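Structure first, then comments.
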Amino acid sequence: MKTIKKNLTQRRRGAKAQKSFFAPLRLCVENFFCMLLALVIVACETSSHQKATKQWMADDGRLKVLSTTGMVGDLVKTIGGSHIDNLVLIGEDLNPHAYQLVKGDDEKFARADLIFYNGLNLEHGPSLQAALRNSPKAVALGNSIMEANPGLILHYDGQLDPHIWMDMSLWAKGVPFIVQALSQAMPLHAKEFVANGEQLKTEMLSAHQKVHDQLQKIPSHKRYLVTSHDAFNYFARAYLADQNESDEAWQKRFKAPEGLAPDSQLSAADIQGIIDYLDKYDIMVLFPESNVSKDSIRKIVSAGNEKGLVLTIATEPLYADAMGPPGSDGDTYLKMIEHDAKILASYLQGNGKEERETALNASR
Ligand SMILES: [Zn+2]
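Next up, the structure:
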């Protein structure tokens, strides 16, 4: 695949150097190769996923665990170690809010010895929701965390905010429930699960503190965030808020055009609401999310720039509803949150009244 990419790069250089009669033809050929490359990549990913699923379905003495999202599955995998075989149901390019069962998923539900899901109504695609509700093997991590810590769960307009993994200290409260379920299923390995859980919790709390300290170095008046959908409320409370900030104050630190579930449906009022917010808090940058269309934030940036704001879109997306693909800098739960913190730490420094005035003057 590297060779194909290299070939493509070389071909592009050649096309630029020789502007000729055949340029349109070259463009067609390049487009064809780009499409071919994309198809090859998709085919590779699909076949590796199929291979992993086939392996998971086979009996190999390990406990077969199905996790709905990567953020759930990564914790389960770390705690279960070599005794379990974890499969993530919803791929990193898909929307967990709306995921519906596809061909082959029923077999996964039947094969799984244990199922872990986020809960708090994250997985509300009707067929998946029904399968989870009807399965005696399914453990809702978020709901267990809520029962033990009701005061820490956020609600908006009567709806639960399911994005609890975006606060590492809150997500760490799910660890004992995984340890408990795995230990009941494999009592012989319970001690190991407990030890793995303890270690994971320590790592999560240490990463939590690190991300908190990293983002608190940004001056308070710059710690305002706009992304595609409402996935960052817990994150804002944990990492962007000042110490002992009131609910009313920290809730103003994050806004998104799309609601608790991304739907790409934007009204003129939604766009205006975000533009007013960007203007009020001198925000200069909007952040796309890895598995959500950029359409909404593009519309806002274009409308805002027309109205005289200077807005840009961060070149690297944040991870919110999904981890990054294997090999990326967000391919584990801890890495995805650390990736977000790194991106935010660099871009949020650009917010502020003075920075905005400088940018406005430069654009005139
Ligand atoms: Zn979401």
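Take any residue in the sequence shown, count from 1 to its spot, add 49: that is its number in the numbering used here.
Glycine included, every Cβ here is placed at the ideal spot set by N, Cα and C.
Here the structure is a predicted model, which means the values were calculated and not measured.
Would you identify the three-state DSSP class for residue i, choosing helix, strand or coil?
i      : result
Tyr382 : helix
Phe336 : strand
Lys304 : strand
His212 : coil
Leu358 : coil
His257 : helix
Lys51  : Only weak support is given to the placement of Lys51: the predicted model assigns it a pLDDT of 39, under 50, and the question is left unresolved by the model.
Glu403 : helix
Leu367 : strand
Val243 : helix
Pro283 : Looking at the sequence provided, one finds Tyr at residue 283 rather than Pro. DSSP places Tyr283 in helix when its eight states are reduced to three.
Asn410 : helix
Leu181 : helix
His146 : coil
Tyr273 : coil
Pro175 : helix
Gln314 : coil
Val125 : helix
Thr447 : Given a span of 50 to 413 for the chain in the structure shown, any question on residue 447 remains unanswerable.
Gly223 : helix
Lys343 : coil
Around the C-beta of residue i, are 16 or more other C-beta atoms found within 10 angstroms, so that it is buried, or is it exposed?
i      : result
Asn183 : exposed
Glu172 : buried
Pro306 : buried
His278 : buried
Ser351 : exposed
His257 : buried
Ser316 : exposed
Thr118 : buried
Arg347 : exposed
Ser345 : buried
Ser255 : exposed
His270 : exposed
Lys329 : exposed
Gly353 : buried
Ala369 : buried
Asp210 : buried
Val151 : exposed
Lys103 : exposed
Ala180 : buried
Ala298 : exposed
Glu141 : buried
Pro199 : exposed
Ser116 : buried
In angstroms, rounded to a whole number, what distance separates the CA positions of residue i and residue j?
i      : j      : result
Met106 : Ala234 : 18 Å
Pro145 : Arg413 : 43 Å
Ala280 : Met215 : 8 Å
Asp109 : His238 : 17 Å
Leu335 : Asp154 : 36 Å
Tyr283 : Asn192 : 16 Å
Gly122 : Met372 : 10 Å
Arg272 : Leu397 : 6 Å
Ile227 : Gly401 : 43 Å
Val114 : Glu355 : 51 Å
Leu40  : Glu403 : Given that the chain is displayed from residue 50 to residue 413, the structure contains no residue 40 and the question cannot be resolved.
Phe70  : Asn340 : Because Phe70 carries a pLDDT of 44, less than 50, the predicted location of this residue cannot be relied on, and no value is offered for it.
Ser97  : Gln229 : 31 Å
Asn167 : Ala411 : 46 Å
Asn135 : Pro374 : 16 Å
Met253 : Val125 : 14 Å
Tyr326 : Leu219 : 28 Å
Lys222 : Gly357 : 45 Å
Ala290 : Phe303 : 10 Å
Lys343 : Pro337 : 6 Å
Asp296 : Glu196 : 21 Å
Thr361 : Leu274 : 13 Å
Gly399 : Met333 : 7 Å
Glu387 : Ala363 : 16 Å
Lys55  : Lys240 : Note on Lys55: pLDDT 37, under 50, position unreliable in the model; no value is reported.
Leu169 : Asp331 : 34 Å
Met385 : Pro366 : 11 Å
Arg309 : Gln248 : Correcting the residue identity first, residue 309 is Leu in this sequence and not Arg. If I take the Cα positions, the gap works out to 32 Å.
Opposite residue i in the DSSP bridges: which residues?
i      : result
Asp134 : Lys113
Tyr330 : According to DSSP, which records beta bridges pairwise, Tyr330 is partnered with nothing at all.
Ala187 : Ile164
Tyr205 : Gln208
His278 : Glu307
Check: Can you find at least 3 beta carbon pairs, one from the stretch 377-385 and one from the stretch 396-409, that sit closer than 8 Å?
Finding: no
Item checked: Three or more C-beta pairs below 8 Å linking the stretch 385-392 and the stretch 155-167 -> no
Note to self: If contact is defined by three or more beta carbon pairs under 8 Å, each pair taking one atom from either stretch, is the stretch 199-215 in contact with the stretch 243-263?
What the structure shows: no
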